[in-house]
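Have a look at the structure below before the remarks.
Protein chains: 2
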Amino acid sequence: MSDYHHGDLRKALLEAAHAVLNEKGIHGLSLRACAAKAGVSHAAPSHHFKSLSGLLTELAVIAFGDFTAVLRQAYDDGDADSSLQQRLQAAGDAYLQFALGEPELFKLMFSSPLPDHQNERLCEVSGQAYAELTRVVKPLCDKRGITDKASVEQAEILVWSTIHGYAHLSLKQMDSHGVCEDLTAGMPPIEILGTLLEPG
Amino acid sequence: MSDYHHGDLRKALLEAAHAVLNEKGIHGLSLRACAAKAGVSHAAPSHHFKSLSGLLTELAVIAFGDFTAVLRQAYDDGDADSSLQQRLQAAGDAYLQFALGEPELFKLMFSSPLPDHQNERLCEVSGQAYAELTRVVKPLCDKRGITDKASVEQAEILVWSTIHGYAHLSLKQMDSHGVCEDLTAGMPPIEILGTLLEPG
DNA sequence: GTCCAATCTTTACAGTGTAAAGTTAGTGTA
DNA sequence: TACACTAACTTTACACTGTAAAGATTGGAC
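First to last, the protein sequences are chains A and B. Residue 1 is where the first sequence starts when you use this note's numbering, and the numbers rise one by one after that. Residue 1001 is where the second sequence starts when you use this note's numbering, and the numbers rise one by one after that.
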């Protein structure tokens, strides 16, 4: 192996992008910085990724894979006798923990125009994450007598919205006020919404 | 008035920025494009805004003002005899309508690293929007017997998370799948969350 | 009428993504 | 073993970007 050919530049660039993302934030990230961190010339990435967008799309795909794994782990860690609400709360906590643990990656996945969000694989893996998160919603709908398909879908989307919205706003809070201690406390108990919004 | 001095370049630049934002999206926006659209040289903005971030911070401040007005209008439009849940639903609908009507502005306000989110005035106006949104939550907490301050705050944040999360995910859906018809249907009825999550 | 300060232009520079052409080296073929 | 071929990487180039600095213009105060 000479030092002309890198060996696994593709992988190295993805790791470099992740590193640069964490160091400089999503706005400070540049293709040339990634190339430099991987120790190659600034034009080398073009042979592995069509563009900056291509590189970040791939990084987002990988990140969604990790994200899905985290959500699945949280689900599997649940006690067999834990209530459905508890499992949902655990899913929300895991969601938030990922967002706070990988803030820049999370922003890349959900709030950046740089990745190609129409990319087929990216759509697929983000769909998998969604499926994992809403896995516990269906039995909860059963329990509550929500049976028609449209309502179940609305329930899934609203649950996702609540959890995602909290994560997103937490990150925005971090940007506005610096690191915020009271966020490490995790998701508020979502059953408050049940009390607040129960019919009647 | 010669054509050397513009007259009200500051205002013109803010309008140009809004226009460019809608035409090219947040990623296609550039300070030079704004200057060109306002008919001045590319360096002229520096006398009115310290930087690109400064211009977009100001635009976000204005946008939050409009946003707050929209939310207030929705609240004031509520019938005196409409239920608290209905008022909350109306607030959510207004929130979503703003996001879908001004998608790029909404992204600038909540999902872009370009504005200075530590800016004092920006923090203030975004706080006002939050206060307007959560105006209906307090009486709802009263009605449900949620009285301690911490729980009320958690209820406010969770309501905001739900509405904001739905708006944010709707915009992401638009980016992924192009304009999405079934989103114009508005917020799903949030009382589903009440049914889904009620204690017991 | 003159000076001043604010506004805008011109010029310049470092940084960006990306396209095109040139260089190197690993690989399959005779 | 010698040779071509091709993938990987570098060099060069160009049109952009934000922003700093210096020069030109103008309206208004004195």
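Backbone N, C-alpha and C fix where the C-beta goes; we use that ideal spot for every residue, glycine too. All figures in this text were calculated on a predicted structure; none of them were measured in a lab.
Beta-carbon neighbours of Q154(A), restricted to chain B and to distances below 7 Å
The residue given as residue 154(A) occupies position 154 in the first sequence. Going along chain B in sequence order, the residues near Q154(A) (Cβ under 7 Å) are P1188 and I1192.
Report the rounded CA-to-CA distance for G1028(B) versus D116(A), giving the unit in angstroms.
Residue 1028(B) sits at position 28 when you count from the first residue of the second sequence. Residue 116(A) sits at position 116 when you count from the first residue of the first sequence. For the pair G1028(B) and D116(A), the Cα-to-Cα distance works out to about 14 Å.
Taking C-beta to C-beta, are R1144(B) and L196(A) nearer than 8 Å?
By 1-based counting over the second sequence, the position of residue 1144(B) is 144. By 1-based counting over the first sequence, the position of residue 196(A) is 196. Yes, Cβ-Cβ distance for R1144(B) and L196(A) is below 8 Å.
Below 8 Å, how does it come out for the segment 1005-1017 of chain B and the segment 1163-1173 of chain B: are there three or more Cβ pairs, yes or no?
Here the segment 1005-1017 of chain B makes no contact with the segment 1163-1173 of chain B; the two share fewer than three CB pairs at distances below 8 Å.
So is P139(A) in contact with chain B if we call contact Cβ pairs under 8 Å?
To locate residue 139(A), count along the first sequence from 1; it is residue 139. No, no contact with chain B.
So, is R1087(B) buried or exposed, given that buried needs 16 or more other C-beta atoms within 10 angstroms?
Looking up residue 1087(B) in the second sequence gives position 87. Burial call: buried.
Return the Cβ separation of I1190(B) and Q1089(B) in integer angstroms, given the expectation that the two are a contact with Cβ distance under 8 Å.
Along the second sequence, read from residue 1 onward, the residue named residue 1190(B) stands at position 190. Along the second sequence, read from residue 1 onward, the residue named residue 1089(B) stands at position 89. Confirmed, about 6 Å.
Check whether V61(A) and V20(A) have beta carbons under 8 Å apart:
Within the first sequence, numbered from 1, the residue matching residue 61(A) stands at position 61. Within the first sequence, numbered from 1, the residue matching residue 20(A) stands at position 20. Not closer than 8 Å, so no.
Taking F110(A) as part of the alpha helix (DSSP H), name the residues at either end of that continuous run.
For the purposes of this step, residue 110(A) is identified with residue 110 of the first sequence, where counting begins at 1. P103 to S111 is the extent of the alpha helix (DSSP H) around F110(A).
In angstroms with no decimal places, state the Cα-to-Cα distance between A43(A) and E1156(B).
Reading the first sequence from its first residue, position 43 is the one you call residue 43(A). Reading the second sequence from its first residue, position 156 is the one you call residue 1156(B). Rounded to whole angstroms, A43(A) to E1156(B) spans 49 Å at the Cα level.
Which residue's Cα is closest to the Cα of A1074(B): E1132(B), C1123(B), R1121(B) and H1177(B)?
To locate residue 1074(B), count along the second sequence from 1; it is residue 74. Relative to the Cα of A1074(B), the nearest Cα in the group E1132(B), C1123(B), R1121(B) and H1177(B) belongs to E1132(B).
Starting from R1135(B), follow the alpha helix (DSSP H) in both directions and report where the run begins and ends.
The sequence position of residue 1135(B) within the second sequence is 135, counting from 1. Under the DSSP assignment, R1135(B) falls outside any alpha helix (DSSP H); it carries neither an H nor an E label.
Does any residue of chain B have a CB that is nearer than 8 Å to the CB of T195(A)?
Taking the first residue of the first sequence as 1, we reach residue 195(A) at position 195. Yes, because at least one Cβ of chain B sits closer than 8 Å to the Cβ of T195(A).
Same chain, Cβ closer than 8 Å to P211(A), five either side skipped, listed in chain order
The structure shown does not extend to residue 211(A), since chain A is modelled only from 1 to 200, so the question has no answer here.
Measure the C-alpha to C-alpha separation of A1038(B) and A1017(B) and round it to an integer number of angstroms.
To locate residue 1038(B), count along the second sequence from 1; it is residue 38. To locate residue 1017(B), count along the second sequence from 1; it is residue 17. Counting only the Cα atoms, A1017(B) lies some 9 Å from A1038(B).
Out of curiosity, what's the CA-to-CA distance linking A63(A) and Y130(A)?
Here residue 63(A) refers to the residue found at position 63 when the first sequence is read from its first residue. Here residue 130(A) refers to the residue found at position 130 when the first sequence is read from its first residue. Their Cα atoms are separated by approximately 14 Å.
Amino acids of chain A, ordered along the chain, whose beta-carbon sits closer than 9 Å to that of F1110(B)
The residue given as residue 1110(B) occupies position 110 in the second sequence. Within 9 Å Cβ-Cβ: S111, H168, L169 and K172.
Ends of the alpha helix (DSSP H) at D81(A)?
The sequence position of residue 81(A) within the first sequence is 81, counting from 1. For D81(A), no alpha helix (DSSP H) segment is defined, and its DSSP state is neither H nor E.
Reference A36(A); option with closest CA among V137(A), G178(A), L9(A) and G65(A):
Indexing the first sequence from 1 puts residue 36(A) at position 36. For the residues V137(A), G178(A), L9(A) and G65(A), the minimum Cα distance to A36(A) belongs to L9(A).
Would you please state the rounded distance, in angstroms, between the beta carbons of S111(A) and S1111(B)? I believe it to be under 8 Å.
Here residue 111(A) is taken as the residue at index 111 of the first sequence, counted from 1. Here residue 1111(B) is taken as the residue at index 111 of the second sequence, counted from 1. So it is a contact: roughly 4 Å between Cβ atoms.
Is the Cβ-Cβ distance between T1057(B) and N1119(B) less than 8 Å?
Numbered from its first residue, the second sequence carries residue 1057(B) at position 57. Numbered from its first residue, the second sequence carries residue 1119(B) at position 119. Yes, these two residues count as a Cβ contact at 8 Å.
Find the residues of chain A that neighbour L1105(B), judging by a C-beta separation of less than 7 Å, and give them in chain order.
Residue mapping note: residue 1105(B) aligns to position 105 of the second sequence, counting from 1. From the beta-carbon of L1105(B), no residue of chain A is found nearer than 7 Å; the closest lies around 14 Å away.
Beta-carbon contacts of L990(B) that lie in its chain and below 7 Å, excluding the five residues immediately before and after
There is simply no residue 990(B) to check, as chain B begins at 1001 and stops at 1200 in what is shown.
If you draw a straight line from the alpha carbon of A1099(B) to that of H164(A), how long is it in whole angstroms?
The residue labelled residue 1099(B) in the question sits at position 99 within the second sequence. The residue labelled residue 164(A) in the question sits at position 164 within the first sequence. A direct Cα-to-Cα measurement between A1099(B) and H164(A) gives close to 16 Å.
Just the C-alpha distance for S1176(B) and C123(A), rounded to the nearest angstrom, thanks.
By one-based count along the second sequence, residue 1176(B) stands at place 176. By one-based count along the first sequence, residue 123(A) stands at place 123. Spanning the two alpha carbons is a distance of roughly 7 Å.
Do the CB positions of M1187(B) and G1092(B) come within less than 8 Å of each other?
Here the question's residue 1187(B) lines up with position 187 in the second sequence. Here the question's residue 1092(B) lines up with position 92 in the second sequence. Their beta carbons are under 8 Å apart, which means M1187(B) touches G1092(B) by this criterion.
Residues in its own chain within less than 6 Å of S51(A) by CB, not counting five upstream and five downstream?
Your numbering for residue 51(A) matches position 51 in the first sequence. There are no such residues.
Quick one: does M1(A) have its CB under 8 Å from some CB of chain B?
Locating residue 1(A) in the first sequence gives position 1, counting from the first residue. Because M1(A) carries a pLDDT of 48, less than 50, the predicted location of this residue cannot be relied on, and the following value inherits that uncertainty. Not a single C-beta of chain B is nearer than 8 Å to the C-beta of M1(A).
Counting contacts by CB-CB distance shorter than 8 Å, is H1018(B) in contact with chain A?
Counted from its first residue, the second sequence places residue 1018(B) at position 18. So, not an interface residue.
Please classify K1149(B) as buried or exposed, where buried requires at least 16 other C-beta atoms within 10 Å of its C-beta.
Walking along the second sequence from the start, residue 1149(B) turns up at place 149. Label assigned to K1149(B): exposed.
S82(A) versus P1199(B): straight-line alpha-carbon distance, rounded
Taking the first residue of the first sequence as position 1, residue 82(A) is located at position 82. Taking the first residue of the second sequence as position 1, residue 1199(B) is located at position 199. Roughly 15 Å between the two C-alpha positions.
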